[in-house]
Amino acid sequence: MSGATTESHLRSPWFGLVVLMLALLAATFIILDQQRERSLQIAKDNAQDDLRYITYMVNAALQQQDFEQLSPLVSSWGARVRYTHELKVTAANGFVFGHYQREEPATRPYGLQETINYSYRGKASLVFIKDLGSIDASIDKLRWQLVTGLVLVGLVLWRITWLSVHRKREAQTLDRTNRRLLETADQLDATRAYLKNVFDSMSSILVAVEANGYISMWNKGAEKKTGLSADTVHGKPFSEVLPDFASLMDKLEKAIGTGIPARIDRHITHPEGTPRFFEIVIYPLRTDGSRGAVIRIDDITRRVQMDQLMVQTEKMMTVGGLAAGMAHEINNPLSGVLQSSQNVLRRLSPDLPANKTTAEELGVDIATINAYLDRRGILAFLNGIREAAERASRIVADMLAFSHRSNAEFSPVSINELLDTVVRIAASDYDLKKTYDFKKITIIREYDPDLPDVACDRTEIEQVLLNLIKNAAHAMADRKNSTQQCITLRTIDDGEWARIEVEDTGPGMDEEIRRRLFEPFFTTKPIGVGTGLGLSVSYYIITEQHSGTFSVDSVPGEGSRFVIRLPYK
Amino acid sequence: MTMRVLIVDDEYLITTSLQAFLEDEGFVAASATSAEEAIEILKDDMKYDVCIMDIRLPGMDGNSAMLSIHEMCPEIRFIVHTGSVNYIVPGDLKQSGIRVNHLFKKPLTDMSLVADAIRSFQVA
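Note that the protein sequences, when read in sequence, are chains A and B. Numbering follows numbering that gives the first Met the number 0, in which position 507 of the first sequence is assigned residue number 506; successive positions increment by one, without gaps. Numbering follows numbering that gives the first Met the number 0, in which position 27 of the second sequence is assigned residue number 26; successive positions increment by one, without gaps.
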């Protein structure tokens with residue numbers, strides 16, 4: 000709305016008022032002038048009448064020869080008759096019978112003259128002059144009164160107009176302001192809706208809090224992830240609504256104080272025992288007026304799990320690579336030990352003719368040498384060296400087989416043999432880790448001797464079974480007072496399936512643990528001992544890669560039984 | 000007629016112990032700690048029946064050594080004795096007519112298996 004239009008709107012009443020006043024003034028002047036003329040005419044007519052009357056009276060006095068009386072009569076008439084300026088009665092010979100004259104000069108003289116024949120030859124002249132100036136004066140006075148009155152009326156009208164115009168302008172201004180306010184309000188609403196939309200569209204948990212930690216905004220993401228609606232949490236302390244994140248309050252305070260965003264790369268919570276990972280950023284609000292912050296919380300559990308899985312895989316690949324390289328290096332000296340000890344034992348034996356011949360050449364009896372070696376336990380030591388080297392070679396071979404992550408096609412594998420290999424690896428695992436005493440565990444083998452070979456990836460199944468046996472050993476190690484630590488390995492030909500059972504006499508598990516056992520990263524072991532990956536990877540290997548089944552039965556206090564079924568195909 | 004065996008391995012203890020065992024078994028055995036040394040030995044005396052070859056060797060590797068030796072003495076039989084887990088006889092060796100009749104993985108817990116293998120050549 001432009002200013003020019005506003006002024007033209009406002010000018011018209013002023014303009015009207017001024018025109019009206021001028022018109023009134025002009026009319027007043029015209030009317031007053033007419034009035035003056037009329038008054039003057041009336042005054043002149045009156046003057047004629049007065050003259051006739053005075054003439055009559057003078058005539059009467061002269062008729063009666065009452066000359067002395069005339070002078071005071073003229074004076075009193077002059078004084079009595081309105082507007083009289085001069086009244087003079089003069090005889091023909093110049094004798095003045097009477098004379099009245101005002102002292103002040105006449106402003107508008109109106110003169111009349113009459114000759115009076117009062118007797119034979121007796122003549123007198125009468126001069127009668129009226130001053131009509133007072134009419135002017137009264138008219139002027141009236142004029143000024145009217146002008147003053149008009150001015151007053153004008154002022155009043157101006158004031159009234161001013162007030163009304165002002166009020167109108169105020170109303171207009173108000174109206175405009177209102178309209179503007181309404182527009183602004185609309186814009187604000189739109190902006191707020193847009194902001195809320197932005198806020199809500201983010202899948203992260205976004206919470207705006209005031210400086211005191213009370214929640215002022217709560218987006219849809221937060222509603223969805225926490226199950227708490229914005230209405231219920233609004234105005235409540237953040238630390239109360241999300242107690243798992245109460246530890247943020249210090250950082251929040253610091254961020255608001257310094258104005259520098261705070262970031263927590265990995266915040267860990269343990270709802271229901273499973274760790275969940277969150278990335279949190281606290282953005283302090285920059286507005287001068289309101290102090291507070293926006294907290295963004297992202298659940299990065301999956302990402303962290305993937306990272307851990309990658310790390311685990313990488314670790315295993317590294318271990319695998321190391322094992323392969325190490326095996327080759329160890330195998331050469333092992334060959335030396337094994338082959339040499341075999342030669343030593345053989346060349347000490349009385350059965351080899353060359354031994355006997357050489358002994359005789361040197362004047363000793365091979366039997367005596369053997370008796371000596373036997374009595375001093377040397378042969379036992381030599382056999383010990385040999386057996387130890389053989390065991391070492393088996394450990395290396397097993398490690399190689401285990402670390403060798405082949406993408407190999409499935410090949411027929413004897414499960415019974417595989418179980419024995421796994422037991423051997425588990426036993427050597429003790430030697431390496433010393434976390435539990437595998438020797439104290441009785442391994443009961445209930446193999447089906449006629450179990451057909453199963454087409455599978457040997458190393459994968461080995462890994463699964465090794466993991467089960469180690470878990471069983473670990474579970475029983477926790478239960479020191481247990482009289483009998485026992486793992487039963489069972490194979491059953493179950494129609495189209497080969498059924499493998501690994502049963503322990505450990506503490507078993509309750510329904511809650513049993514239900515979550517195959518979840519990735521679920522572990523009952525202390526931090527650092529288990530990754531929580533073993534069983535989930537095993538589950539994947541059995542069910543996905545081998546189209547088998549993997550389940551667990553458990554009676555708390557009596558033990559657990561893991562059952563794997565692999566199809567023969 | 001006694002079988003003559005040439006053992007090639009860069010590990011001294013392996014060659015000497017294997018040589019001693021095979022001599023005890025009645026074979027004539029010689030040893031070399033590199034492929035180059037083995038070829039030198041064969042240049043002087045080609046009358047070896049069997050060569051026990053390691054694959055990972057300093058300088059010329061076992062596979063190349065077998066090719067060279069095969070050219071020199073086409074009648075010689077090979078036994079591979081290696082620490083590599085996934086050793087497979089390369090295709091070009093097979094094309095050249097080299098037959099690896101026996102493959103032993105290190106470590107050998109019983110050397111009589113090698114002796115049996117050598118003897119099987121004699122029978123054939």
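Even glycine gets a Cβ: it sits at the ideal position worked out from N, Cα and C.
Per-residue burial, residue i [other beta carbons within 10 Å of its own, 16 or more giving buried]
i              : result
residue 193(A) : exposed
residue 285(A) : exposed
residue 425(A) : buried
residue 516(A) : buried
residue 469(A) : buried
residue 180(A) : exposed
residue 137(A) : exposed
residue 461(A) : buried
residue 431(A) : Its pLDDT being 45, under 50, residue 431(A) is placed unreliably in this model, and the coordinates cannot settle the point.
residue 13(A)  : exposed
residue 547(A) : buried
residue 79(A)  : exposed
residue 129(A) : buried
residue 42(B)  : exposed
DSSP-derived helix/strand/coil call for residue i
i              : result
residue 31(B)  : strand
residue 17(B)  : helix
residue 52(A)  : helix
residue 209(A) : strand
residue 76(B)  : strand
residue 558(A) : strand
residue 259(A) : coil
residue 57(B)  : coil
residue 332(A) : helix
residue 234(A) : coil
residue 120(A) : coil
residue 141(A) : helix
residue 266(A) : strand
residue 114(B) : helix
residue 3(B)   : strand
residue 45(A)  : helix
Expected contact under 8 Å - CB spacing of residue i and residue j to nearest Å
i              : j              : result
residue 83(A)  : residue 99(A)  : 7 Å
residue 7(B)   : residue 72(B)  : Contact doesn't hold; Cβ gap of about 14 Å is too wide.
residue 421(A) : residue 541(A) : Not quite, the Cβ-Cβ distance comes to about 15 Å (not below 8 Å), so this is no contact.
residue 381(A) : residue 336(A) : About 11 Å separates the two Cβ atoms, so there is no contact after all.
residue 330(A) : residue 13(B)  : Not confirmed; about 10 Å, so no contact.
When the options are compared against residue i, the one with the closest alpha-carbon
i              : options                        : result
residue 219(A) : 230(A), 211(A), 58(A)          : 230(A)
residue 85(B)  : 326(A), 409(A), 254(A), 393(A) : 326(A)
residue 486(A) : 233(A), 416(A), 443(A)         : 443(A)
residue 124(B) : 60(B), 89(B), 99(B)            : Outside the shown range of chain B (0 to 123) lies residue 124(B), about which nothing can therefore be said.
residue 29(A)  : 393(A), 145(A), 420(A)         : 145(A)
residue 494(A) : 568(A), 441(A), 551(A), 465(A) : 568(A)
residue 504(A) : 483(A), 492(A), 366(A), 538(A) : 483(A)
residue 52(A)  : 164(A), 22(A), 77(A)           : 77(A)
residue 116(A) : 134(A), 56(A), 196(A)          : 56(A)
residue 39(B)  : 48(B), 68(B), 111(B), 18(B)    : 68(B)
residue 93(A)  : 121(A), 58(A), 129(A)          : 121(A)
residue 97(B)  : 87(B), 75(B), 59(B)            : 75(B)
residue 510(A) : 475(A), 490(A), 500(A), 554(A) : 554(A)
residue 210(A) : 252(A), 240(A), 48(A), 544(A)  : 252(A)
residue 21(A)  : 153(A), 95(A), 141(A)          : 153(A)
residue 452(A) : 18(A), 498(A), 227(A), 191(A)  : 498(A)
Any chain B beta carbon closer than 8 Å to residue i
i              : result
residue 245(A) : no
residue 348(A) : no
residue 389(A) : yes
residue 335(A) : yes
residue 345(A) : yes
residue 549(A) : no
residue 410(A) : no
Cβ of residue i within 8 Å of any chain A Cβ
i              : result
residue 106(B) : yes
residue 26(B)  : no
residue 13(B)  : yes
residue 84(B)  : yes
residue 20(B)  : yes
residue 16(B)  : yes
residue 110(B) : yes
residue 115(B) : no
residue 36(B)  : no
residue 23(B)  : yes
The ligand SAH heavy atom lying under 7 Å from the CB of residue i
i             : result
residue 98(A) : Among the ligands in the structure shown, none appear at all, so the ligand SAH cannot be discussed.
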